[in-house]
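Engineer: Residue numbers (this note's numbering): 1 to 294.
Where is the CB? At the ideal position from N, CA and C, for every residue including glycine.
Predicted, not measured: the structure shown is a model, and the values here were computed from it.
Just dropping this structure here.
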Amino acid sequence: MIEIQGISKQYESIRAVDSLSIDVKPGKICGFLGPNGAGKTTAIRMLMNIIMPDSGSIQFNGSTIRPESSRIGYLPEERGLYQKISVNETLQYFAHLRNVNDANQKIKTNLDRFDLGARLNTKVNELSKGNQQKLQFINTILHDPEYVVLDEPFSGLDPVNQLILKEILEEMRTQGKTIIFSSHQMDQVEKICDDVALINQGKLVTSGSLQDVLSAHDSKILEVTPAQAADLDHAYFSEFESELRNGSIFLKLHKKSKKEVIHELNELIDLKSIRVAKPGLEAIFIKLVQGTSK
1 MIEIQGISKQ YESIRAVDSL SIDVKPGKIC GFLGPNGAGK TTAIRMLMNI
51 IMPDSGSIQF NGSTIRPESS RIGYLPEERG LYQKISVNET LQYFAHLRNV
101 NDANQKIKTN LDRFDLGARL NTKVNELSKG NQQKLQFINT ILHDPEYVVL
151 DEPFSGLDPV NQLILKEILE EMRTQGKTII FSSHQMDQVE KICDDVALIN
201 QGKLVTSGSL QDVLSAHDSK ILEVTPAQAA DLDHAYFSEF ESELRNGSIF
251 LKLHKKSKKE VIHELNELID LKSIRVAKPG LEAIFIKLVQ GTSK
């Protein structure tokens with residue numbers, strides 16, 4: 001378990017991270033989310049002991065002593081690969097540093113999984129940005145780390161390779177790994193994370209299990225799709241603030257409950273469907289940052 005407790009970092013007039021506290025549980029994937037410049041990378045660098053917090057503490061399984069490097073896999077946002085050596089030389093070098101057993105087989109298995117098997121002798125600087133990102137991710141997990149810290153891991157990856165990365169993260173979760181990754185792509189997080197922490201301007205906006213965060217911001221919007229398009233103009237809808245979109249009408253509920261509106265609509269018109277329009281993490285984040293309520 002990783003416990004981040006009240007860490008802060010000041011750079012001259014900029015407070016990059018402000019009293020940030022997050023718990024990352026074993027066997028869980030925690031998404032560390034926020035826009036560019038929110039303080040995610042600064043917090044991760046403090047987690048990795050690259051920079052030191054001005055205040056607060058970081059504990060790994062109850063200890064402030066950082067685990068040895070062989071137990072941690074770190075994917076930085078900036079690519080840190082040696083550009084003039086081959087893919088194989090890169091992975092062999094780092095595997096040797098970390099005393100990886102069966103390095104040749106593990107390298108082959110991972111390269112094949114990411115469709116890089118034919119690039120074994122290709123120099124790093126000859127790879128595309130996406131392939132360099134895949135190589136860097138393989139290097140992050142090759143030594144089977146207990147803790148996995150990823151800064152913008154989906155950067156540069158096409159949808160197919162994003163799916164492969166998600167599958168690997170899910171496999172590591174089942175093995176009990178402690179996983180934290182930062183991203184500004186909130187749609188990706190909703191597909192894989194167990195827990196989330198949303199930050200803005202260095203401060204925690206909200207955190208908890210993904211389902212708890214989504215449930216705590218239950219939408220007060222109904223998406224109504226009449227069986228007949230003409231019913232989109234029904235007088236009943238004039239009682240609500242509404243929006244027409246793709247053959248449906250979205251009703252903002254203020255004075256009436258969902259149950260009441262659904263009952264009344266079923267009495268008035270023939271419905272094709274009616275459902276609660278669930279907000280995503282991005283909508284919740286915007287709502288919290290702007291201080292609005294819906």
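So what's Gly159 in DSSP terms, helix, strand or just coil?
Structural biologist: Indexing the sequence shown from 1 puts residue 159 at position 159. Per the sequence shown, residue 159 should be read as Pro rather than Gly. Three-state DSSP puts Pro159 in a helix.
Engineer: Are there 16 or more other CB atoms within 10 angstroms of the CB of Asn110, so buried, or fewer, so exposed?
Structural biologist: For the purposes of this step, residue 110 is taken as residue 110 along the sequence shown, with counting starting at 1. That one is buried.
Engineer: Mind checking which residues open and close the alpha helix (DSSP H) that includes Val289?
Structural biologist: In the sequence shown, counting from the first residue as 1, residue 289 sits at position 289. Per DSSP, Val289 belongs to the alpha helix (DSSP H) from Leu281 to Gln290.
Engineer: Given Arg66, which residues of its chain have a CB within under 7 Å of its CB, disregarding the five upstream and five downstream residues?
Structural biologist: Taking the sequence shown and counting its residues from 1, one reaches residue 66 at position 66. The answer, listed in chain order, is Asn49 and Phe60.
Engineer: Determine the burial state of Asn125: buried for a count of at least 16 other Cβ atoms within 10 Å of its Cβ, exposed for fewer.
Structural biologist: Counted from its first residue, the sequence shown places residue 125 at position 125. Exposed.
Engineer: Can you tell me whether Asp364 is buried or exposed, with buried defined as 16 or more other CB within 10 angstroms of its CB?
Structural biologist: Outside the shown range of the chain, which is 1 to 294, sits residue 364, and nothing can be said about it.
Engineer: With DSSP as the reference, label Thr140 as helix, strand or coil.
Structural biologist: Here the question's residue 140 lines up with position 140 in the sequence shown. DSSP places Thr140 in helix when its eight states are reduced to three.
Engineer: Measure from the alpha carbon of Ser128 to the alpha carbon of each residue in Leu81, Ile4 and Tyr236, then state which is nearest.
Structural biologist: In the sequence shown, residue 128 corresponds to position 128, counting from 1. Per the Cα distances, Leu81.
Engineer: Pair every Cβ in the stretch 183-192 with every Cβ in the stretch 26-40, then say whether three or more of these pairs are closer than 8 Å.
Structural biologist: Segments in contact, yes.
Engineer: Helix, strand or coil for Tyr93 per DSSP?
Structural biologist: To locate residue 93, count along the sequence shown from 1; it is residue 93. Residue state, collapsed to three classes: helix.
Engineer: Is Gly130 helix, strand or coil when you go by DSSP?
Structural biologist: In the sequence shown, counting from the first residue as 1, residue 130 sits at position 130. Note: Gly130 maps to helix in three-state DSSP.
Engineer: Taking 9 Å as the cut-off, decide whether the C-beta atoms of Asn200 and Ala38 are in contact.
Structural biologist: Taking the sequence shown and counting its residues from 1, one reaches residue 200 at position 200. Taking the sequence shown and counting its residues from 1, one reaches residue 38 at position 38. The answer is yes: Cβ separation under 9 Å.
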